[in-house]
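K.L.:
Same order as they appear, the protein sequences are chains R and A. All residue numbers for the first sequence refer to our numbering, where the first residue is 36 and numbers rise by one. All residue numbers for the second sequence refer to our numbering, where the first residue is 36 and numbers rise by one.
2 protein chains.
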Amino acid sequence: MATAIGHKLRRAQLLVFQDFHETFAPLKLRPTEFAVLTLISADPGQKQTEIAEQLGIKRANFVALMDCLENRGLAERRKGDIDRRSHSLHLTEKGKAFVGQMTRLWQQHETRMVKQLGGEENRDMLIQLLDRVLGMCDAATQTRHLERR
Amino acid sequence: MATAIGHKLRRAQLLVFQDFHETFAPLKLRPTEFAVLTLISADPGQKQTEIAEQLGIKRANFVALMDCLENRGLAERRKGDIDRRSHSLHLTEKGKAFVGQMTRLWQQHETRMVKQLGGEENRDMLIQLLDRVLGMCDAATQTRHLERR
DNA sequence: TATTGTTATACTCTATAACTATA
DNA sequence: TATAGTTATAGAGTATAACAATA
Numbered sequence: 036m037a038t039a040i041g042h043k044l045r046r047a048q049l050l051v052f053q054d055f056h057e058t059f060a061p062l063k064l065r066p067t068e069f070a071v072l073t074l075i076s077a078d079p080g081q082k083q084t085e086i087a088e089q090l091g092i093k094r095a096n097f098v099a100l101m102d103c104l105e106n107r108g109l110a111e112r113r114k115g116d117i118d119r120r121s122h123s124l125h126l127t128e129k130g131k132a133f134v135g136q137m138t139r140l141w142q143q144h145e146t147r148m149v150k151q152l153g154g155e156e157n158r159d160m161l162i163q164l165l166d167r168v169l170g171m172c173d174a175a176t177q178t179r180h181l182e183r184r
Numbered sequence: 036m037a038t039a040i041g042h043k044l045r046r047a048q049l050l051v052f053q054d055f056h057e058t059f060a061p062l063k064l065r066p067t068e069f070a071v072l073t074l075i076s077a078d079p080g081q082k083q084t085e086i087a088e089q090l091g092i093k094r095a096n097f098v099a100l101m102d103c104l105e106n107r108g109l110a111e112r113r114k115g116d117i118d119r120r121s122h123s124l125h126l127t128e129k130g131k132a133f134v135g136q137m138t139r140l141w142q143q144h145e146t147r148m149v150k151q152l153g154g155e156e157n158r159d160m161l162i163q164l165l166d167r168v169l170g171m172c173d174a175a176t177q178t179r180h181l182e183r184r
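What follows is the structure, given as structure tokens:
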């Protein structure tokens, strides 16, 4: 276990999520809820299944999550007018304001992570390496260092 | 969520663990069990709490884990002869042979991860970046690229 | 028949409090 | 009293099967 990529990934992720948790405690927002609001905000009207798939969440487990956001008045389900089985997801006005606050807190979190990594260059490198693990590496965006071999 | 370090870390970790799971299915071994056996093998005689702490596991949750390894005849608890409250942990003979098999499978897993990352150089860079997140960055071992700023 | 959202359920991981036996 | 191991338990997160409404 000289390198232990998986183990270090796990520990690092837990640390980042812990900082996330502390940062977003005032808003009582979990990482997954943050991600859902971000996705709805970026492209309103998507179906539940679409949002869930993008986050790697089973649609069955998405229900309670969405219930929570709806009960807090941040997002809402609307009956699809073409396919009446589906729900299209939207932010409420309150939700849009909330995303504003959220984004400001996010920048604080992100700044801390970049500092911990030793600069934006290292952050970008980490993201690229993680994309490689995820099989998402885009050759065009590789740095010189990553391309070298 | 332009960069989303935490989210990517989590997704990447799940993928690596999935490969781990498939690789070690023949041995019916989980990542945590692998880590425990590795730590006992590297330094036999450590207490349960010591092993648990190194892995970030609560000692309460370590009990069932250790029970499992003991029931499989891979490791054993021995009453501490100085402090009779504690258990010192050791591999059995069967456990030592098992660690041998385990290590060979580990190399297959590691090789696949390195290939996915695009070479050992990238693997090393990822490890260093994760160490930075973990606050374990050792300035002496930084690559030129990481040092640059 | 297939799909969307839903419910119920189970399994793993994790976290905490309280117990026991030692110190 | 404090600590090591243990037990019980509760809370997340995740996985599957089955159902109702709709296609």
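All C-beta atoms, glycine included, are put in the ideal place defined by N, C-alpha and C.
Can you confirm whether R/ALA27, when its beta carbon is compared against all beta carbons of chain A, has any partner nearer than 8 Å?
P.N.:
Nothing in the structure corresponds to residue 27 of chain R, since chain R is present only between 36 and 184.
K.L.:
Check the C-beta distance from R/GLN83 over to R/LEU124 and give it rounded, since I have them as a contact under 8 Å.
P.N.:
7 Å
K.L.:
Using the beta-carbon count (16 or more within 10 Å), is A/GLU128 buried or exposed?
P.N.:
exposed
K.L.:
Should R/ASN96 go down as buried or exposed, given a rule of 16 or more other Cβ atoms within 10 Å for buried?
P.N.:
exposed
K.L.:
From R/LYS185 to A/GLU145, what does the alpha carbon distance come to, in whole angstroms?
P.N.:
What the structure shows of chain R is the stretch from 36 to 184, and residue 185 of chain R is not part of that stretch, so it cannot be assessed.
K.L.:
With contact counted as at least three CB pairs below 8 Å, one residue from each stretch, are the segment 135-144 of chain A and the segment 107-122 of chain A in contact?
P.N.:
no
K.L.:
Determine whether the Cβ of R/LYS93 lies closer than 8 Å to any Cβ atom of chain A.
P.N.:
no
K.L.:
Short of 8 Å in beta carbon distance, which residues of its chain neighbour R/PHE52, apart from the five on each side in sequence? Order them along the chain.
P.N.:
PRO66
K.L.:
In this structure, what does DSSP give as the bridge partners for R/HIS144?
P.N.:
According to DSSP, which records beta bridges pairwise, R/HIS144 is partnered with nothing at all.
K.L.:
Output, in chain order, the set of chain A residues within a Cβ distance shorter than 7 Å of R/ARG65.
P.N.:
None at all; the shortest Cβ gap to chain A is about 11 Å.
K.L.:
Check whether the Cβ atoms of A/ILE75 and A/ILE86 sit closer than 8 Å, and answer yes or no.
P.N.:
yes
K.L.:
So, helix, strand or coil for R/ARG240, using DSSP?
P.N.:
The structure shown has nothing for residue 240 of chain R, since chain R only spans 36 to 184.
K.L.:
Check A/LEU124 in the structure and name its three-state DSSP category.
P.N.:
strand
K.L.:
Expressed to the nearest angstrom, what Euclidean distance is found between the alpha-carbon atoms of A/GLY41 and R/GLN48?
P.N.:
6 Å
K.L.:
Please name the residue in A/ARG158, A/LEU169, A/GLY170 whose C-alpha comes closest to that of R/ASP166.
P.N.:
A/ARG158
K.L.:
Among all the DSSP beta bridges, which residues are the ones paired with R/LYS93?
P.N.:
Answer is none; R/LYS93 lacks a bridge partner.
K.L.:
Please name the residue in R/ALA110, R/LEU152, R/MET160 whose C-alpha comes closest to that of R/HIS122.
P.N.:
R/ALA110
K.L.:
Can you find a C-beta in chain R that's less than 8 Å from the C-beta of A/ILE86?
P.N.:
No, no contact with chain R.
K.L.:
For A/PRO79, which residues in the same chain have their Cβ closer than 6 Å to its Cβ, ignoring the five residues on either side in sequence?
P.N.:
HIS125
K.L.:
Check the Cβ-Cβ distances between R/ASN96 and every residue of chain A, and say whether any is below 8 Å.
P.N.:
False, the Cβ-Cβ gap to chain A never drops below 8 Å.
K.L.:
Any idea what DSSP makes of A/LYS129, helix, strand or coil?
P.N.:
helix
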